[in-house]
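Engineer: Chains as they are written, first to last, in my numbering: chain A, 1 to 369; chain H, 1001 to 1168. All residues carry an ideal CB built from backbone N, CA and C; glycine is no exception. Please read these numbers as outputs of a predicted model, since none were measured by experiment.
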Ligand SMILES: Cc1cc2nc3c(=O)[nH]c(=O)nc-3n(C[C@H](O)[C@H](O)[C@H](O)COP(=O)(O)O)c2cc1C
Ligand code: FES
Ligand code: FES
């Protein structure tokens, strides 16, 4: 059984380790910055710290997207809050020399501009601050605390009531009220329910999903687990486009870590709640972001949209949902709520619920009214 | 008499089929694993030929027509063997505005290839992608998986020359 103390212990350990270093160098390792060589910069900092024997004073971390991707590679020096852009390997010694002194003016980014000052990150609050490959970093940022709270002290009905109260709405375009969607799914007597996360970010120029998936993958998993608990699902899919190989890889790793720590899989956190997540890779079709096409694609078929009914009494119901904390009044019980990356809900109500999951998916895809 | 074999044998004894079998087994040879299995074939062999499609279709118990339908529906799958090297030019909105057409024109002029084509000598395949999510670096192209952000046509051609001649 996982307890709150276990989570706090991890938090304290990570925070202690960070605090014990005087300078923390955050190098962005999300797709935009990797494309401009941030991995070499990261390695150069590591080498420089080793050769200068500064390992007890400085720590380098790969972190997710910090926002100003056009200035990639982007790095930040914490706790000073200095940001540098267009950093190359050759700049590394100069930046190292400047630690604790005057920042390197020619590389410094002006953080006193509206992009930074007028932006309040909610869903992306950890993005650019934590190492996406480390589950402990996420826990230290109060990750999986909401899941713990939900599983240990709330009933599914209470969770949904909270979502309704928050006014949370879908982010896939339609803005459908999330609480209403969850209520419908929870009330339906289907034997098997699924949570589908729509991470098929097809629109060019849009990368809110990419940012959260690459920078804070555990947040998506935690959000899905909470949604699953609320509606009574035990299986989830994340459908992610093939153009985002890095996000796929980070999610794969995150799922593995979460399963090892019992935050996903069977008997989550020692309770009786089971929830498994599978990844599905798209294959380059814009239309697969549409919910019915997306499900057809998860089921291994061509991504052709179908007309569906939104009434629970029909044989096949499809509800896709994206979650994000859009309300200005943050959900009181979940200080940092779930992720944005299209978290979807899919509910199927087969005529006769099949025992086997695989045949079940097939059955629901084939049956019409 | 025709007997449906439960687990058909791979078309050849190439070791790469092993990774495909692993994926199909992981999904319990469910018809839903079709796209995952085709991904596995393409990762291993670079493209999907008729034998591969037939093998996957029979293994997962789906009609060959469905496997073919899926393979041709998705842009990512290709039925033709790719060239030795691959260049992907992003043709998304940001890259379009930042001049990706010039890149495509330059490639066409120098190597005689359009998008989704391979040079006659089989050394280079040109592909397009619809936004790879790094518009801040537009226009962007990748050569054998290496990203070239804010790339000019001269830089792209120089990189290709280096890759093509480094290996020939
Ligand atoms: C052509 C088309 C493409 C779509 N692409 C996406 C997409 O890339 N990502 C997404 O989240 N929703 C996309 N949608 C919307 C989904 O169908 C669905 O409405 C959405 O995921 C529901 O989530 P919500 O309730 O949170 O809004 C698309 C819809 C259409 C018609
Ligand atoms: S990808 Fe590095 S700042 Fe966005
Ligand atoms: S349009 Fe080319 S990366 Fe987005």
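#1: How long is the line joining the alpha carbons of residue 190(A) and residue 176(A), rounded to whole angstroms?
#2: Grouping DSSP H, G and I as helix and E and B as strand, with all else coil, what is residue 96(A)?
#3: Distance check for residue 1079(H) and residue 284(A), CA to CA, integer angstroms please.
#4: Residues of chain H with CB under 8 Å from residue 243(A), in chain order?
#5: With a cut-off of 8 Å, does the C-beta of residue 1047(H) fall near any C-beta of chain A?
#6: Does any residue of chain A have a CB that is nearer than 8 Å to the CB of residue 1074(H)?
#7: In chain H, what lies closer than 9 Å to residue 32(A) by C-beta?
#8: Taking residue 178(A) as part of the alpha helix (DSSP H), name the residues at either end of that continuous run.
#9: Give the straight-line distance between the Cα atoms of residue 164(A) and residue 228(A), rounded to the nearest whole angstrom.
#10: Is it the case that the Cβ atoms of residue 180(A) and residue 273(A) are separated by a distance below 8 Å?
#11: According to a CB-to-CB cut-off of less than 7 Å, which residues of the stretch 207-220 of chain A neighbour chain H?
#12: Answer yes if the stretch 140-149 of chain A comes into contact with the stretch 215-226 of chain A, meaning at least three C-beta pairs across the two stretches below 8 Å, and no otherwise.
#13: Quick one: using the 10 Å Cβ neighbour count with 16 as the cut-off for buried, is residue 217(A) buried or exposed?
#14: Examine chain H for any beta-carbon lying closer than 8 Å to the beta-carbon of residue 342(A), and answer yes or no.
#15: Quick one: grab the DSSP three-state call for residue 126(A).
#16: In angstroms with no decimal places, state the Cα-to-Cα distance between residue 1013(H) and residue 1039(H).
#17: Examine chain H for any beta-carbon lying closer than 8 Å to the beta-carbon of residue 134(A), and answer yes or no.
#18: Name the DSSP bridge partner or partners of residue 28(A)?
#19: Within a Cβ cutoff of 6 Å, which residues of the same chain sit near residue 286(A), ignoring the five residues on either side of it in sequence?
#20: Given a limit of 7 Å on CB to CB distance, which residues of the stretch 262-290 of chain A reach chain H?
#21: If contact is defined by three or more beta carbon pairs under 8 Å, each pair taking one atom from either stretch, is the stretch 40-53 of chain A in contact with the stretch 123-131 of chain A?
#22: Can you tell me which residues form a DSSP beta bridge with residue 279(A)?
#23: Can we count residue 287(A) as close to ligand 1, meaning its CB is less than 7 Å from some heavy atom?
#24: Just to make sure I have the definition right: I need the residues of chain H whose C-beta is within less than 9 Å of the C-beta of residue 65(A). Which are they?
#25: When DSSP builds the beta bridges, which residues end up paired with residue 77(A)?
#26: Three-state secondary structure (DSSP) at residue 230(A)?
#27: Could you check if residue 66(A) belongs to the surroundings of ligand 2, using beta carbon to heavy atom distance under 7 Å?
#28: Check for me: the beta strand (DSSP E) holding residue 40(A) runs from which residue to which?
#29: Distance cutoff 8 Å, beta carbons only. Does residue 1033(H) sit that close to anything in chain A?
#30: Nearer than 7 Å: is that true of the beta carbon of residue 1131(H) relative to any heavy atom of ligand 2?
#31: Determine the closest residue to residue 1008(H) out of 1019(H), 1049(H), 1055(H) and 1111(H), with distance taken between C-alpha atoms.
#32: Using the rule of at least 16 other Cβ atoms within 10 Å of the residue's Cβ for burial, across every protein chain shown, is residue 83(A) buried or exposed?
#33: Can you tell which of 178(A), 306(A) and 130(A) has its C-alpha closest to the C-alpha of residue 166(A)?
#34: Since residue 1087(H) is in the beta strand (DSSP E), which residue starts that stretch and which ends it?
#35: Taking its Cβ as the centre, do 16 or more other Cβ atoms sit within 10 Å of residue 301(A), making it buried, or is it exposed?
Structural biologist: Quick look at the numbers:
#1: Looking up residue 190(A) in the first chain gives position 190. Looking up residue 176(A) in the first chain gives position 176. Taking the straight line joining both Cα atoms gives about 22 Å.
#2: Mapped onto the first chain, residue 96(A) falls at position 96. Residue state, collapsed to three classes: helix.
#3: Working through the first chain from its first residue, we reach residue 284(A) at position 284. Working through the second chain from its first residue, we reach residue 1079(H) at position 79. So the two alpha carbons sit approximately 15 Å from each other.
#4: Counting from one through the first chain, the residue named residue 243(A) turns up at place 243. The answer, in chain order, is 1129, 1130, 1131, 1132 and 1133.
#5: Position 47 of the second chain holds residue 1047(H). False, the Cβ-Cβ gap to chain A never drops below 8 Å.
#6: By 1-based counting over the second chain, the position of residue 1074(H) is 74. With 8 Å as the cut-off, residue 1074(H) counts as an interface residue toward chain A.
#7: In the first chain, counting from the first residue as 1, residue 32(A) sits at position 32. Within 9 Å Cβ-Cβ: 1133, 1134, 1135, 1136, 1137 and 1149.
#8: Within the first chain, numbered from 1, the residue matching residue 178(A) stands at position 178. From DSSP, the alpha helix (DSSP H) with residue 178(A) extends over 178-187.
#9: Looking up residue 164(A) in the first chain gives position 164. Looking up residue 228(A) in the first chain gives position 228. Straight-line Cα distance between these residues: approximately 16 Å.
#10: Locating residue 180(A) in the first chain gives position 180, where the first residue counts as 1. Locating residue 273(A) in the first chain gives position 273, where the first residue counts as 1. Going by C-beta atoms, residue 180(A) is not nearer than 8 Å to residue 273(A).
#11: 207 and 210
#12: yes
#13: Along the first chain, one-based indexing puts residue 217(A) at 217. With 16 or more other Cβ atoms within 10 Å, it is buried.
#14: Within the first chain, numbered from 1, the residue matching residue 342(A) stands at position 342. For residue 342(A), the predicted structure reports a pLDDT of 33, less than 50, and the residue's modelled location is therefore unreliable. The matter cannot be settled from this model.
#15: The residue labelled residue 126(A) in the question sits at position 126 within the first chain. Coil.
#16: In the second chain, counting from the first residue as 1, residue 1013(H) sits at position 13. In the second chain, counting from the first residue as 1, residue 1039(H) sits at position 39. Approximately 19 Å, taken between the alpha carbons.
#17: On the first chain, residue 134(A) is found 134 positions in, with the first residue counted as 1. No, no contact with chain H.
#18: By 1-based counting over the first chain, the position of residue 28(A) is 28. 63(A), per the DSSP bridge assignment.
#19: Residue mapping note: residue 286(A) aligns to position 286 of the first chain, counting from 1. 202, listed in sequence order.
#20: 281, 283, 284, 285 and 286
#21: no
#22: Taking the first residue of the first chain as 1, we reach residue 279(A) at position 279. Its beta-bridge partners are 238(A).
#23: Stepping through the first chain from its first residue, residue 287(A) is reached at position 287. Because some heavy atom of ligand 1 lies under 7 Å away, the Cβ of residue 287(A) counts as near it: yes.
#24: Stepping through the first chain from its first residue, residue 65(A) is reached at position 65. By Cβ distance, chain H contributes nothing, its closest Cβ being about 10 Å from residue 65(A), past 9 Å.
#25: Position 77 of the first chain, counted from the start, is the residue given in the question as residue 77(A). Beta-bridge pairing links residue 77(A) to 25(A) and 82(A).
#26: In the first chain, counting from the first residue as 1, residue 230(A) sits at position 230. Helix.
#27: Counting from one through the first chain, the residue named residue 66(A) turns up at place 66. Residue 66(A): yes, Cβ under 7 Å from ligand 2.
#28: Indexing the first chain from 1 puts residue 40(A) at position 40. Residue 40(A) -> not in any beta strand (DSSP E); alpha helix (DSSP H) instead, spanning 38-51.
#29: One-based indexing of the second chain puts residue 1033(H) at position 33. Cβ-Cβ to chain A under 8 Å: yes for residue 1033(H).
#30: Your numbering for residue 1131(H) matches position 131 in the second chain. Checking every heavy atom of ligand 2 against the Cβ of residue 1131(H), none is found closer than 7 Å.
#31: Taking the first residue of the second chain as position 1, residue 1008(H) is located at position 8. If we check each option's Cα against that of residue 1008(H), 1055(H) comes out closest.
#32: On the first chain, position 83 is the one that residue 83(A) refers to. Label assigned to residue 83(A): buried.
#33: Here residue 166(A) is taken as the residue at index 166 of the first chain, counted from 1. Among 178(A), 306(A) and 130(A), the Cα nearest to that of residue 166(A) belongs to 178(A).
#34: By 1-based counting over the second chain, the position of residue 1087(H) is 87. Its beta strand (DSSP E) spans residues 1085-1090.
#35: Indexing the first chain from 1 puts residue 301(A) at position 301. So residue 301(A) counts as buried.
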